[in-house]
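Some notes on the structure that comes next.
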Amino acid sequence: MNAANSDLWTLVLGIFTLLVVSSAIGYLLQQRLPTGKSNAAIENLNARIKAWWIMVILIGLAFLAGRIGVLLLFGFCSFAALREFITLTDTKRADHWALAAAFFVVLPLQYWLLWERQYGIFSIFIPVYAFLLMPIISVLRGDTERFLIRIAEVQWALMICVFCASHVPALLTLTIPGYEGRNVLLIAFLVIIVQLSDVLQYVWGKLFGRTKIAPSLSPSKTVEGFVGGVASATLIGAALWWITPFTPFQAGVMAFVITMMGFLGGLVMSAIKRDRGVKDWGHLIEGHGGLIDRLDSVIFSAPIFFHIVRYWWSAT
Amino acid sequence: MRSVIAKPVAAAIVVFARAITAVRAIWPNDGIPEGQCVYFANHSSHGDFILVWAVLPPRLRRRTRPVAGAEYWLKSSINRFIGRDVFDAVLIERDREKRARDPIEVMAEVVDSGSSLILFPEGTRNQTDAQLLPFKSGLFHLASSRPDLQLVPVWINNLNRVMPKGEIVPIPLICTVTFGNAMRIEAGESKENFLDRARTALLDLSPKHPGGNE
Numbered sequence: 117m118n119a120a121n122s123d124l125w126t127l128v129l130g131i132f133t134l135l136v137v138s139s140a141i142g143y144l145l146q147q148r149l150p151t152g153k154s155n156a157a158i159e160n161l162n163a164r165i166k167a168w169w170i171m172v173i174l175i176g177l178a179f180l181a182g183r184i185g186v187l188l189l190f191g192f193c194s195f196a197a198l199r200e201f202i203t204l205t206d207t208k209r210a211d212h213w214a215l216a217a218a219f220f221v222v223l224p225l226q227y228w229l230l231w232e233r234q235y236g237i238f239s240i241f242i243p244v245y246a247f248l249l250m251p252i253i254s255v256l257r258g259d260t261e262r263f264l265i266r267i268a269e270v271q272w273a274l275m276i277c278v279f280c281a282s283h284v285p286a287l288l289t290l291t292i293p294g295y296e297g298r299n300v301l302l303i304a305f306l307v308i309i310v311q312l313s314d315v316l317q318y319v320w321g322k323l324f325g326r327t328k329i330a331p332s333l334s335p336s337k338t339v340e341g342f343v344g345g346v347a348s349a350t351l352i353g354a355a356l357w358w359i360t361p362f363t364p365f366q367a368g369v370m371a372f373v374i375t376m377m378g379f380l381g382g383l384v385m386s387a388i389k390r391d392r393g394v395k396d397w398g399h400l401i402e403g404h405g406g407l408i409d410r411l412d413s414v415i416f417s418a419p420i421f422f423h424i425v426r427y428w429w430s431a432t
Numbered sequence: 197m198r199s200v201i202a203k204p205v206a207a208a209i210v211v212f213a214r215a216i217t218a219v220r221a222i223w224p225n226d227g228i229p230e231g232q233c234v235y236f237a238n239h240s241s242h243g244d245f246i247l248v249w250a251v252l253p254p255r256l257r258r259r260t261r262p263v264a265g266a267e268y269w270l271k272s273s274i275n276r277f278i279g280r281d282v283f284d285a286v287l288i289e290r291d292r293e294k295r296a297r298d299p300i301e302v303m304a305e306v307v308d309s310g311s312s313l314i315l316f317p318e319g320t321r322n323q324t325d326a327q328l329l330p331f332k333s334g335l336f337h338l339a340s341s342r343p344d345l346q347l348v349p350v351w352i353n354n355l356n357r358v359m360p361k362g363e364i365v366p367i368p369l370i371c372t373v374t375f376g377n378a379m380r381i382e383a384g385e386s387k388e389n390f391l392d393r394a395r396t397a398l399l400d401l402s403p404k405h406p407g408g409n410e
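One line per chain: the protein sequences are A and B, in this order.
For my numbering, count along the first sequence from 1 and bump the result up by 116.
For my numbering, count along the second sequence from 1 and bump the result up by 196.
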C-alpha cells in the first residue's frame with residue numbers, strides 16, 4: 117500500500133468515526149426527549165447527519181472509481197445545481213435554445229475539457245465563449261424584453277454552477293512535484309474544511325451567538341459563530357497538513373482563505389435567494405434544502421483554492 | 197407484444213421526466229386524498245399527466261387513467277401506442293359534430309368501473325399568458341352525474357417552461373405538483389357557481405412567485 121492510499125484510508129477512518137459519533141449523539145438527543153415530544157433543532161440535526169452520510173459515501177465511491185468517478189460526480193452536481201438556479205430565474209421562451217445549450221453543450225464540454233486536461237481552454241471556455249455565444253443565441257429570437265437581465269442570469273448560472281464548481285475536480289489535473297497520485301486528497305481537504313467550517317460556525321453560533329453579523333441576509337449567522345467557526349476550521353486545516361503538499365502553517369492559511377471565501381459566498385447566495393423570495397434552492401437533500409444550499413461555500417472557494425495551489429505549487 | 201413493452205416504456209418515460217424535472221409532490225395538510233378521485237389540473241404541456249402520474253403513490257397510480265383528446269392521441273401509431281397502451285388514457289372525442297359518443301358518458305363509465313381520472317378542465321393546452329383558461333363544462337357535467345365523486349385540484353408548476361409550445365428539446369427545471377383538498381359538487385349547485393369554485397380552488401394552489409416552488 118502506498119502513502120497516498122494509507123493517508124486516504126486514515127482520512128476515511130477519521131471521517132467515519134466522526135459520523136458514527138455524531139449519529140450516536142443525534143440518536144441520544146432524540147432518545148432523551150420525553151416520548152411524543154419533538155424538537156425541530158434535533159430533527160434538523162439528525163436529517164443533516166443522514167445527508168452527510170450520503171455525501172461521504174457518494175464522494176468515497178467517486179474516489180474509488182478514480183478520475184472518471186470524480187468528474188461524473190461533480191458533473192452531476194453541476195447539472196442539479198444549474199437546474200435549481202435556472203428554475204429561480206425569469207427566463208423567457210426566447211431563451212430556450214440558449215438554455216438548452218447551457219445544459220447539453222456547455223456543461224458536458226466543460227467537464228470533457230477537464231477529462232482531456234485542456235487547462236487553457238477549460239479556464240476561458242465559459243467566461244469567454246459561453247459569455248459571448250449565449251446572448252447571441254438569445255438575441256436571434258428578437259425578443260428584447262428584459263434582455264440584459266435574462267442573459268446576465270443565464271451567464272451567472274453557468275459561472276456559479278458549472279465554471280466555479282468544475283474547479284473542484286480540476287484539482288486532479290495539477291502536477292505537484294512530490295505529491296504525485298495524491299491530488300484526490302486536495303479535493304478531500306477543500307470539501308472537509310468547507311463543510312466543517314459551516315458546521316462549526318453553526319455550533320459556535322448556537323452556543324455563544326449574540327451579535328448578528330448580517331441581519332438582512334442571514335439572520336442566523338452571528339459574529340461569535342463566524343469568528344469561532346473560522347478560527348477552529350483554520351486550526352483543523354493546519355492539523356490536516358499531512359494530507360496536503362503544504363506545511364502546517366501554509367495549510368492553516370489555505371484553510372483560512374477557504375473558510376473566508378465560503379462564508380462570503382454563502383452571503384452572496386443568500387442574497388440571491390432573498391431576491392427570489394425563497395428559503396432554500398430546492399429540496400434535493402433532506403434536511404439541507406437544495407444542492408446549492410450545500411455547495412455554495414465550496415463553489416466560491418474552489419476556484420481561488422485551485423489558483424493559489426496552481427500558482428505556487430503546481431509545475432504545470 | 198404491445199402490452200409487454202408498454203410497461204417498461206411507461207417506466208422509462210417516468211424516469212426521464214423525473215431526471216429532467218426532479219418533480220416533487222406537495223400534499224395538502226389533510227394528507228394524500230385516498231379513494232377514488234378525479235384529479236383536475238392546469239394544462240400547458242403534453243407531459244402534464246405524466247408528472248401527476250409520476251408523483252402519485254403506486255397504489256393510487258395503478259388505477260388512475262388520464263383523460264385525453266382522441267384527435268391527438270389517435271393521430272399516429274406512436275401517439276396511439278403511448279396514449280392507449282402505455283398510459284391507458286381514456287380517449288374522448290372533442291368535436292361535437294363528428295363524435296360518436298358523449299365524453300361525459302365515457303368518463304362516467306370509467307368512473308363506475310372504479311378508476312380515478314386525471315382531467316384537464318380547460319379542455320385544451322393553455323398557450324396564453326393567462327395563468328388559467330376558463331373551464332369547459334365537462335367537469336361540471338361529470339360531477340353532477342356522479343355527485344359523490346371526490347374532486348382534487350392539482351397545480352402543475354413550471355412544466356410549461358420546461359417545454360414551451362413548438363420546442364423539441366426540454367430544459368431541465370424543477371417542477372412541483374401541488375394537490376389540494378378534495379371537494380364535491382353541492383346539491384343543486386349551479387354550473388357557474390361550481391366551475392367558479394373549482395377554478396378558484398385550483399388557482400389557490402399556484403405559486404405566488406413565477407419561478408418559486410415554495
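A virtual CB, placed ideally from N, CA and C, is assigned to each residue, including glycine.
Beta-carbon gap between Leu145 (chain A) and Ile158 (chain A) smaller than 8 angstroms: yes
Unbroken beta strand (DSSP E) run spanning Val373 (chain B), endpoints: Thr372 to Phe375
Thr338 (chain A), buried or exposed, once every other Cβ within 10 Å from all chains shown has been counted against 16: Buried.
With 16 other Cβ atoms within 10 Å as the buried cut-off, status of Arg261 (chain B): buried
Chain B contact for Thr260 (chain A) (CB, 8 angstroms cutoff): no
Simplified DSSP state of Trp351 (chain B), which is helix, strand or coil: strand
Alpha-carbon to alpha-carbon, Leu398 (chain B) and Phe375 (chain B): 9 angstroms
Any C-beta of chain B under 8 angstroms from that of Glu200 (chain A): Judged by the 8 angstroms Cβ criterion, Glu200 (chain A) is in contact with chain B.
Coil, strand or helix - Leu204 (chain A) by DSSP: coil
Residues near Ala266 (chain B) by beta carbon distance below 8 angstroms, same chain, minus five either side: Leu287, Ile288, Glu289 and Arg290
Other residues of its chain near Val210 (chain B): CB distance less than 6 angstroms, five sequence neighbours each side excluded: Ala250
Where Phe496 (chain B) falls: helix, strand or coil (DSSP): Look at the range of chain B in this structure, 197 to 410, and you will see that residue 496 (chain B) is not part of it.
Beta-ladder partner(s) of Pro419 (chain A), from DSSP: For Pro419 (chain A), which the question treats as bridged, DSSP gives no partner whatsoever.
Three CB pairs or more closer than 8 angstroms across the stretch 202 to 209 of chain A and the stretch 353 to 367 of chain B: yes
Chain A contact for Ile370 (chain B) (CB, 8 angstroms cutoff): yes
Rounded C-alpha distance that separates Met303 (chain B) from Asn238 (chain B): 19 angstroms
Arg326 (chain A) classed as buried or exposed, judged by whether at least 16 other C-beta atoms fall within 10 angstroms: Around the C-beta of Arg326 (chain A), fewer than 16 other C-beta atoms lie within 10 Å, and the residue is accordingly described as exposed.
Any C-beta of chain A under 8 angstroms from that of Ala326 (chain B): no
Nonlocal neighbours in the same chain, by C-beta distance under 8 angstroms from Ala296 (chain B), ignoring five residues either side: Glu289
Outcome for Asp308 (chain B) when other beta-carbon atoms lying within 10 angstroms are tallied against a minimum of 16: exposed
Residue-level contact to chain B via CB, Phe472 (chain A), 8 angstroms cutoff: Since the displayed chain A opens at 117 and closes at 432, residue 472 (chain A) lies outside it and no answer follows.
Beta-carbon proximity check, Ser240 (chain B) vs Asn353 (chain B), cutoff 8 angstroms: Contact flag unset, no.
6 angstroms Cβ shell around Leu302 (chain A) - same chain, five flanking residues per side excluded: Leu287
Neighbour-count burial assignment, Gly381 (chain A), 16 or more Cβ in a 10 Å radius: Burial state of Gly381 (chain A) is buried, judged by a 10 Å Cβ sphere holding 16 or more other Cβ atoms.
Paired residues, beta bridge with Ser182 (chain B) - DSSP: This structure leaves residue 182 (chain B) out entirely; chain B is present only between 197 and 410.
Partners in chain B for Ala216 (chain A), counting only beta-carbon separations shorter than 7 angstroms: Val365 and Ile367
Gly368 (chain A) beta carbon less than 8 angstroms from that of Gly341 (chain A): no
Under 7 angstroms from the C-beta of Gly191 (chain A): neighbouring residues of chain B: What Gly191 (chain A) touches in chain B: nothing, since even the nearest Cβ is about 13 angstroms away.
Distance, Glu296 (chain A) Cα to Ser430 (chain A) Cα: 11 angstroms
Chain A contacts from the stretch 213 to 241 of chain B (Cβ-Cβ distance under 8 angstroms): Ala218 and Arg220
Integer-rounded CB distance, given that Leu215 (chain A) should sit under 8 angstroms from Ala218 (chain B): With a Cβ gap of about 16 angstroms, Ala218 (chain B) and Leu215 (chain A) do not count as contacting.
Own chain partners of Arg276 (chain B) with C-beta closer than 8 angstroms, once the 5 adjacent residues on each side are dropped: Trp269 and Leu270
Reference Leu198 (chain A), options A:Ser282, A:Arg390 and A:Ile141, closest by Cα: When only C-alpha atoms are compared, the closest one is A:Ser282.
Host alpha helix (DSSP H) of Ile388 (chain A) (start-end): Pro364 to Arg392
C-beta neighbour in chain A for Asn322 (chain B), strict 8 angstroms: So no, Asn322 (chain B) is outside the interface.
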